[in-house]
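Peer 1: At position 142 of the sequence shown (counting the first as 1) the number is 293 in my numbering, and the numbers step up by one without a gap.
Glycine residues also receive a C-beta, built at the ideal position from the N, C-alpha and C atoms.
It should be emphasised that the depicted structure is a prediction, and the values quoted were computed from it without experimental measurement.
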Amino acid sequence: MKSFVSLVLILLVSGALSAQAVLNDIRFIPPTFFVGDAVELRITFSHDGPLAVAPPDSIPESDWVDIKDVFLIQDDNTVTVVIAFTPFAPGTRTLPPMKLGALQLKDIKVPTHSIIENSHEGVRSLRGQLLMPGTRLAVALILSLAAMAPFLGYGLFRFSWKWVKKSRQLYRVGRPVRRLRRVIKKLKAGIGSMQAPLWYYELTEALRAYLSDRSHHDCRSATTAEIALMSEFLVDDTPQKDLLEVLKEGDMVKFAGRFADDRSLNKTLEMVTSAVGKWEKADAQLQ
152 MKSFVSLVLI LLVSGALSAQ AVLNDIRFIP PTFFVGDAVE LRITFSHDGP
202 LAVAPPDSIP ESDWVDIKDV FLIQDDNTVT VVIAFTPFAP GTRTLPPMKL
252 GALQLKDIKV PTHSIIENSH EGVRSLRGQL LMPGTRLAVA LILSLAAMAP
302 FLGYGLFRFS WKWVKKSRQL YRVGRPVRRL RRVIKKLKAG IGSMQAPLWY
352 YELTEALRAY LSDRSHHDCR SATTAEIALM SEFLVDDTPQ KDLLEVLKEG
402 DMVKFAGRFA DDRSLNKTLE MVTSAVGKWE KADAQLQ
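Encoded structure:
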């Protein structure tokens, strides 16, 4: 079954590629996974010339899978698409389509296993009747609970449904800040080994994605000057204003050649961490 699914996946993905790219490898990590597992899908292509690929503008959503991240690993002749996800339903299902620049990924089949498959042990034979002291009282209590079960079950169902819905909503709301904090952690470890322009490039790209999600404006393609004119960034002494200053500082280092040593990079990360924490706290109080 796994070989058949892999063959179908290779054929479907190959049919969706540009003529410049050739599919080399498709790999699930781990190879066998179950409902609720964290999984990585790595799809590797080779190409003989420039190939315009880029991460999707937004991560697609589905009711059976939570796609946590989509990113690219590139070198001179290959590009690997990495999709990190967690499935919530067993069986073979299809990921939402994704456009990665020149690459169009669609009809990607994901085989998810369930730990309860083939676990039935058959019907056991009946045992002899065993009566303990207080059996009649226990039976009376059970019958009383059975009569109340529909009402208790309905109340429990409503409570559970609201809790699950609220939890999923909070998880989605917190997704942008989790991505930004992963980048901050990576950049903190890279201080001293990364060049300042490249360091600021990764920080400002992650920061623009965070601002786009939080302000509901397109801060990815907007210039820093255009972002400064948005209503959220016009008020002084706010977390938004502090993050705008980080974007301005990044532009000066990347494009104007301003010097930035390790001390200033650490100070920038402290400013971003503090501003993001204040913004998230203010949003949590409004909800």
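Give the straight-line distance between the Cα atoms of E212 and V315, rounded to the nearest whole angstrom.
Peer 2: What you label residue 212 is simply residue 61 of the sequence shown in a count that begins at 1. What you label residue 315 is simply residue 164 of the sequence shown in a count that begins at 1. C-alpha separation (whole angstroms): 17 Å.
Peer 1: Return the chain-ordered list of same chain residues with a C-beta closer than 7 Å to the C-beta of I335, the five sequence neighbours on each side being excluded.
Peer 2: Taking the sequence shown and counting its residues from 1, one reaches residue 335 at position 184. Excluding positions up to five away in sequence, the list reads L420, V423, T424.
Peer 1: Beta-carbon within less than 7 Å of K250's beta-carbon, same chain only, minus the 5 sequence neighbours each way: which residues are those?
Peer 2: In the sequence shown, counting from the first residue as 1, residue 250 sits at position 99. If we look at K250 and ignore the five residues flanking it on each side, its Cβ neighbours are P207.
Peer 1: Can you give me the Cβ contacts of I180 inside the same chain, cut-off strictly under 6 Å, excluding the 5 residues immediately before and after it?
Peer 2: On the sequence shown, residue 180 is found 29 positions in, with the first residue counted as 1. Hits under 6 Å: E191.
Peer 1: If I follow the unbroken alpha helix (DSSP H) through E396, where does it start and stop?
Peer 2: Your numbering for residue 396 matches position 245 in the sequence shown. Unbroken alpha helix (DSSP H) run through E396: 390-406.
Peer 1: Would you check if the distance between the CB atom of K405 and the CB atom of Y351 is smaller than 7 Å?
Peer 2: As a working mapping, residue 405 is identified with position 254 in the sequence shown. As a working mapping, residue 351 is identified with position 200 in the sequence shown. Going by C-beta atoms, K405 is nearer than 7 Å to Y351.
Peer 1: Helix, strand or coil for E191 per DSSP?
Peer 2: Locating residue 191 in the sequence shown gives position 40, where the first residue counts as 1. Three-state result, E191: strand.
Peer 1: Could you have a look at R371 and say whether DSSP puts it in helix, strand or coil?
Peer 2: Translated into the one-based positions of the sequence shown, residue 371 becomes position 220. Coil, per DSSP.
Peer 1: Answer yes or no: do S265 and P248 have a C-beta to C-beta separation smaller than 7 Å?
Peer 2: Numbered from 1 along the sequence shown, position 114 holds the residue referred to as residue 265. Numbered from 1 along the sequence shown, position 97 holds the residue referred to as residue 248. Their beta carbons are not under 7 Å apart, which means S265 does not touch P248 by this criterion.
Peer 1: Could you have a look at T183 and say whether DSSP puts it in helix, strand or coil?
Peer 2: Within the sequence shown, the letter at position 32 stands for residue 183. Reduced to three states, the DSSP call for T183 is coil.
Peer 1: Go through its chain and collect everything with a Cβ distance to R409's Cβ below 7 Å, but skip five positions before and after it.
Peer 2: Your numbering for residue 409 matches position 258 in the sequence shown. Cβ neighbours of R409 beyond the five flanking positions: M403.
Peer 1: Got a sec: is the Cβ-Cβ distance from F302 to anything in chain B below 7 Å?
Peer 2: You won't find chain B in this structure, because it holds only one protein chain.
Peer 1: Quick check: what's the CA-CA separation for P201 versus V173?
Peer 2: The residue given as residue 201 occupies position 50 in the sequence shown. The residue given as residue 173 occupies position 22 in the sequence shown. Roughly 13 Å between the two C-alpha positions.
Peer 1: Look up M345 in the DSSP assignment and say whether it is helix, strand or coil.
Peer 2: Taking the sequence shown and counting its residues from 1, the one referred to as residue 345 is at position 194. DSSP places M345 in coil when its eight states are reduced to three.
Peer 1: Could you round the C-beta distance between V221 and H198 to whole angstroms and report it? I think they count as a contact, below 8 Å.
Peer 2: Looking up residue 221 in the sequence shown gives position 70. Looking up residue 198 in the sequence shown gives position 47. That pair is no contact at about 19 Å.
Peer 1: So, do the stretch 388-404 and the stretch 356-370 have three or more beta carbon pairs nearer to each other than 8 Å?
Peer 2: The stretch 388-404 is in contact with the stretch 356-370.
Peer 1: Are A340 and P390 closer than 7 Å when you measure CB to CB?
Peer 2: In the sequence shown, the residue the question calls residue 340 occupies position 189. In the sequence shown, the residue the question calls residue 390 occupies position 239. Not closer than 7 Å, so no.
Peer 1: Once the 5 residues before and after S363 are set aside, which same chain residues still bring their CB inside 8 Å of it?
Peer 2: By 1-based counting over the sequence shown, the position of residue 363 is 212. Closer than 8 Å at the Cβ level, and outside the excluded window around S363, lie D369, C370, R371.
Peer 1: Roughly how many whole angstroms lie between the Cα atoms of L307 and P301?
Peer 2: If you number the sequence shown from 1, residue 307 lands on position 156. If you number the sequence shown from 1, residue 301 lands on position 150. For L307 and P301, the distance between alpha carbons rounds to 10 Å.
Peer 1: Helix or strand or just coil, what does DSSP make of A240?
Peer 2: For the purposes of this step, residue 240 is taken as residue 89 along the sequence shown, with counting starting at 1. Coil, per DSSP.
Peer 1: Reducing DSSP to helix, strand and coil, say where S213 ends up.
Peer 2: As a working note, residue 213 is residue 62 in the sequence shown. Coil, per DSSP.
Peer 1: If you draw a straight line from the C-alpha of A253 to the C-alpha of A433, how long is it?
Peer 2: Against the sequence shown, residue 253 aligns to sequence position 102. Against the sequence shown, residue 433 aligns to sequence position 282. Taking the straight line from one Cα to the other gives about 40 Å.
Peer 1: Got a sec? Which residues, its chain only, sit under 8 Å from T237 by beta carbon, not counting five neighbours each side?
Peer 2: As a position in the sequence shown, residue 237 is number 86, starting the count at 1. The residues are G187, D188, A189, V190, V216, D217, K219.
Peer 1: Just to confirm the assignment, what range does the beta strand (DSSP E) spanning P262 have?
Peer 2: Here residue 262 refers to the residue found at position 111 of the sequence shown. Residues 260-263.
Peer 1: Alpha carbon to alpha carbon, what distance is there between G285 and P327?
Peer 2: Taking the first residue of the sequence shown as position 1, residue 327 is located at position 176. Taking the first residue of the sequence shown as position 1, residue 285 is located at position 134. Roughly 58 Å between the two C-alpha positions.
Peer 1: Between V386 and S366, what straight-line distance do the alpha-carbon atoms span, to the nearest angstrom?
Peer 2: Taking the first residue of the sequence shown as position 1, residue 386 is located at position 235. Taking the first residue of the sequence shown as position 1, residue 366 is located at position 215. Between V386 and S366, the C-alpha separation is close to 14 Å.
Peer 1: Using a Cβ-Cβ cutoff of less than 7 Å, which residues in the same chain neighbour T375 once the five nearest sequence positions on both sides are dropped?
Peer 2: The residue given as residue 375 occupies position 224 in the sequence shown. Excluding positions up to five away in sequence, the list reads L398, K399, D402.
Peer 1: First and last residue of the beta strand (DSSP E) that includes K257?
Peer 2: Within the sequence shown, residue 257 is the residue found at index 106, counting from 1. Where K257 is concerned, there is no enclosing beta strand (DSSP E), given that its DSSP letter is neither H nor E.
Peer 1: Which of helix, strand or coil does DSSP assign to A235?
Peer 2: Against the sequence shown, residue 235 aligns to sequence position 84. Looking at A235 - three-state DSSP - the assignment turns out to be strand.
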